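Asks:
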Amino acid sequence: MELAPTRLLVMPSGSPAGAEPGTPLTYEEARTLEPVRVDDLLRVHPDAENVALLDAYVSRGLGLVPIRRRSLQPARSSEDFPARVLLELTSLCSLTCTMCPRNVLRRPMTHMPTDVALRCIDELDEHGIDGLWLYNIGESMLHPDFAAILAHVATKRNLGSVWLSTNGQRLEEEHVDLILSPPLTFLNFSLNAMNAETYRKVSPDGDYGVLLENLARLVARKRELGREGSPPWLRIQMIDQPAVGPGELDRFLAEYAGRGDILSVNLLEAFSQDVAENVEYATARDRSESKRCNRLVRGDAFIFSDGEVGFCDTDFNHDASLGNVCEAGIAALWSGETRRRYLQLNEEGRLNDIPMCSRCMDWDL
1 MELAPTRLLV MPSGSPAGAE PGTPLTYEEA RTLEPVRVDD LLRVHPDAEN VALLDAYVSR
61 GLGLVPIRRR SLQPARSSED FPARVLLELT SLCSLTCTMC PRNVLRRPMT HMPTDVALRC
121 IDELDEHGID GLWLYNIGES MLHPDFAAIL AHVATKRNLG SVWLSTNGQR LEEEHVDLIL
181 SPPLTFLNFS LNAMNAETYR KVSPDGDYGV LLENLARLVA RKRELGREGS PPWLRIQMID
241 QPAVGPGELD RFLAEYAGRG DILSVNLLEA FSQDVAENVE YATARDRSES KRCNRLVRGD
301 AFIFSDGEVG FCDTDFNHDA SLGNVCEAGI AALWSGETRR RYLQLNEEGR LNDIPMCSRC
361 MDWDL
């Protein structure tokens with residue numbers, strides 16, 4: 001679930017939708033509200049029902065409202081080429097968070113070779129995609145050529161929205177201005193706790209004080225650069241998980257509504273039950289009985305740091321790899337027989353024929 005301050009939402013007339021955050025929302029209340037549809041520039045979809053919904057929220061004094069991001073343009077077909085791509089620049093990280101699948105990674109922990117990353121970016125731009133995530137599992141800014149890779153992305157015009165995520169622990173001075181500038185559209189900051197005790201449970205080797213200092217530095221620097229109300233949107237994230245104490249998510253919405261451009265509360269994923277820490281909580285989530293995978297048809301591709309290509313973030317060990325970009329192009333791998341077989345099984349409601357999918361609890365996300 002994502003929420004945004006109404007002051008940042010742009011009405012079809014071009015004017016902002018509301019003022020500063022007003023009546024605070026609780027997490028449970030936010031989950032019951034219909035989200036306002038916006039695009040990645042936080043422009044409100046112009047249909048009358050959607051505009052009326054936002055007007056009603058503003059009239060109630062809500063300064064923070066749930067949003068659902070959808071492009072104002074038709075989505076690209078993902079039949080012959082992925083619509084969205086997660087390019088894992090590295091699988092190395094400075095933290096060992098309890099809910100992260102890196103804890104059970106069976107593939108190499110490595111940086112993607114820079115020439116492979118640049119070649120992938122070139123092919124993605126040539127075909128055109130709706131979005132590029134410069135991360136998957138790992139802290140991308142640890143890559144020794146991160147700045148050069150980001151500069152290469154900045155020369156492209158056909159990659160859609162560009163994302164970066166950070167755990168906020170090692171935010172080097174030279175990186176701050178870099179990640180608050182184009183080509184990034186979204187900068188995801190993993191907060192994950194509202195106090196040091198919870199943070200120790202979630203990220204035992206992290207420093208909560210450093211996390212807060214770096215977040216404050218990002219917020220202040222974005223203001224200094226005059227980029228308030230414009231991309232890159234600072235998206236501050238929590239996860240609804242057992243370690244998060246009572247009231248922490250409510251405090252998160254209340255305290256960070258004026259600091260982040262977007263607040264996100266993610267649901268805990270079980271990753272085909274391979275991350276034991278997450279299974280019990282994920283089991284309790286309401287989901288449809290019909291097992292047809294939303295992720296499979298969404299057209300996402302995952303290019304892992306060792307070059308293997310997958311199509312599901314549950315498959316973080318790339319057991320269902322389509323092949324390797326060091327040996328073939330993305331387009332050739334995407335249109336191959338492996339992915340087509342999975343699509344057919346999904347259409348027939350037979351995903352349980354596949355061992356990895358039979359264990360999956362996240363097909364509804």
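Under the working numbering, think of the first position of the sequence shown as 1, with each following residue one higher.
Positions of the beta carbon are idealized from the N, C-alpha and C atoms, including for glycine.
Owing to the predicted nature of the structure, the values given are computational and were not obtained by experimental measurement.
(1) Kindly indicate which three-state DSSP category H45 falls into: helix, strand or coil?
(2) Given this structure, state the Cα-to-Cα distance separating G260 from R223, to the nearest angstrom.
(3) Is D55 helix, strand or coil by DSSP?
(4) Looking at V85: is its Cβ nearer than 8 Å to the Cβ of A301?
(5) Helix, strand or coil for L296 per DSSP?
(6) For the beta strand (DSSP E) containing A4, list its first residue and its last residue.
(7) For V210, which option in R170, G299, R102 and L105 has the closest C-alpha, if you only look at C-alpha atoms?
(8) Assuming N158 is part of the alpha helix (DSSP H), what are its boundary residues?
(9) Across the region 244 to 262 and the region 193 to 204, are there enough close Cβ pairs to call them in contact, namely three or more that are closer than 8 Å?
(10) Between the region 342 to 352 and the region 138 to 153, do three or more beta carbon pairs fall short of 8 Å?
(11) Evaluate contact between the region 173 to 180 and the region 109 to 121, counting only Cβ atoms and requiring at least three cross-stretch pairs below 8 Å.
(12) How big is the Cα-Cα spacing for T166 and W133?
(13) With H, G and I counted as helix, E and B as strand and the rest as coil, what does DSSP make of E308?
(14) Quick one: which unbroken alpha helix (DSSP H) runs of 4-plus residues sit fully inside the region 87 to 129? Chain order, please.
(15) Check whether the region 50 to 67 and the region 81 to 98 touch, using three or more Cβ-Cβ pairs below 8 Å as the test.
(16) Determine whether the beta carbon atoms of N192 and S181 lie at a separation below 8 Å.
(17) Hey, which unbroken runs of the alpha helix (DSSP H) at 4 residues or more fall wholly within the region 223 to 258?
(18) Just to confirm, are D306 and N266 a CB contact at a threshold of 8 Å?
(19) Please return the same chain residues whose Cβ sits closer than 8 Å to the Cβ of L343, not counting the five positions on each side in sequence.
(20) Less than 8 Å between the CB atoms is what I'm expecting for L268 and M11, so what's the real figure, rounded?
(21) Looking at the unbroken beta strand (DSSP E) that takes in N188, where does it start and where does it end?
(22) Among the candidates R340, S321 and L333, whose CA atom is the shortest distance from the CA of M356?
(23) Rounding to the nearest angstrom, what Cα-Cα distance links G128 and L87 in this structure?
(24) For L187 versus R235, is the C-beta spacing smaller than 8 Å?
(25) Figure out for me which residue from I149, A56, L184 and D313 has the closest Cα to the Cα of D122.
(26) Pull up the DSSP beta-bridge partners for R68, would you.
(27) Would DSSP call V202 helix, strand or coil?
(28) Pull up the distance between the alpha-carbon of L124 and that of V325, whole angstroms please.
Replies: This is what the structure holds:
(1) In the sequence shown, the residue the question calls residue 45 occupies position 45. Coil at H45, not helix or strand.
(2) Counting from 1 along the sequence shown, the entry for residue 260 is found at position 260. Counting from 1 along the sequence shown, the entry for residue 223 is found at position 223. Whole-angstrom Cα-Cα distance: 11 Å.
(3) The residue given as residue 55 occupies position 55 in the sequence shown. Helix at D55.
(4) Counting from 1 along the sequence shown, the entry for residue 85 is found at position 85. Counting from 1 along the sequence shown, the entry for residue 301 is found at position 301. It is a contact, given that the beta carbons lie within the stated cut-off.
(5) Residue mapping note: residue 296 aligns to position 296 of the sequence shown, counting from 1. In the structure shown, L296 sits in a helix (DSSP, three-state: H, G or I).
(6) As a working note, residue 4 is residue 4 in the sequence shown. Where A4 is concerned, the enclosing beta strand (DSSP E) stretches over E2 to P5.
(7) For the purposes of this step, residue 210 is taken as residue 210 along the sequence shown, with counting starting at 1. Here the closest residue by C-alpha is R170.
(8) For the purposes of this step, residue 158 is identified with residue 158 of the sequence shown, where counting begins at 1. Where N158 is concerned, there is no enclosing alpha helix (DSSP H), given that its DSSP letter is neither H nor E.
(9) yes
(10) no
(11) no
(12) Numbered from its first residue, the sequence shown carries residue 166 at position 166. Numbered from its first residue, the sequence shown carries residue 133 at position 133. In a straight line, the C-alpha of T166 is about 12 Å away from that of W133.
(13) Here residue 308 refers to the residue found at position 308 when the sequence shown is read from its first residue. Strand at E308.
(14) 114 to 127
(15) no
(16) By 1-based counting over the sequence shown, the position of residue 192 is 192. By 1-based counting over the sequence shown, the position of residue 181 is 181. The answer is no: Cβ separation not under 8 Å.
(17) 248 to 256
(18) Looking up residue 306 in the sequence shown gives position 306. Looking up residue 266 in the sequence shown gives position 266. Cβ atoms of D306 and N266: not closer than 8 Å.
(19) Indexing the sequence shown from 1 puts residue 343 at position 343. Result list for L343: L296 and V297, in chain order.
(20) Taking the first residue of the sequence shown as 1, we reach residue 268 at position 268. Taking the first residue of the sequence shown as 1, we reach residue 11 at position 11. So it is not a contact: roughly 35 Å between Cβ atoms.
(21) Here residue 188 refers to the residue found at position 188 of the sequence shown. Taken as a continuous stretch (DSSP letters only), the beta strand (DSSP E) holding N188 covers F186 to S190.
(22) Position 356 of the sequence shown, counted from the first residue, corresponds to residue 356. When each option's Cα is compared against that of M356, the closest is S321.
(23) Taking the sequence shown and counting its residues from 1, one reaches residue 128 at position 128. Taking the sequence shown and counting its residues from 1, one reaches residue 87 at position 87. If you take the alpha carbons of G128 and L87, they lie about 15 Å apart.
(24) Counting from one through the sequence shown, the residue named residue 187 turns up at place 187. Counting from one through the sequence shown, the residue named residue 235 turns up at place 235. It is a contact, given that the beta carbons lie within the stated cut-off.
(25) In the sequence shown, counting from the first residue as 1, residue 122 sits at position 122. Taking only the C-alpha atoms, the option nearest D122 is I149.
(26) Here residue 68 refers to the residue found at position 68 when the sequence shown is read from its first residue. Beta-bridge pairing links R68 to R37.
(27) Taking the sequence shown and counting its residues from 1, the one referred to as residue 202 is at position 202. Of the three classes helix, strand and coil, the one that applies to V202 here is helix, per DSSP.
(28) Working through the sequence shown from its first residue, we reach residue 124 at position 124. Working through the sequence shown from its first residue, we reach residue 325 at position 325. So the alpha carbons of these two residues sit roughly 12 Å apart.
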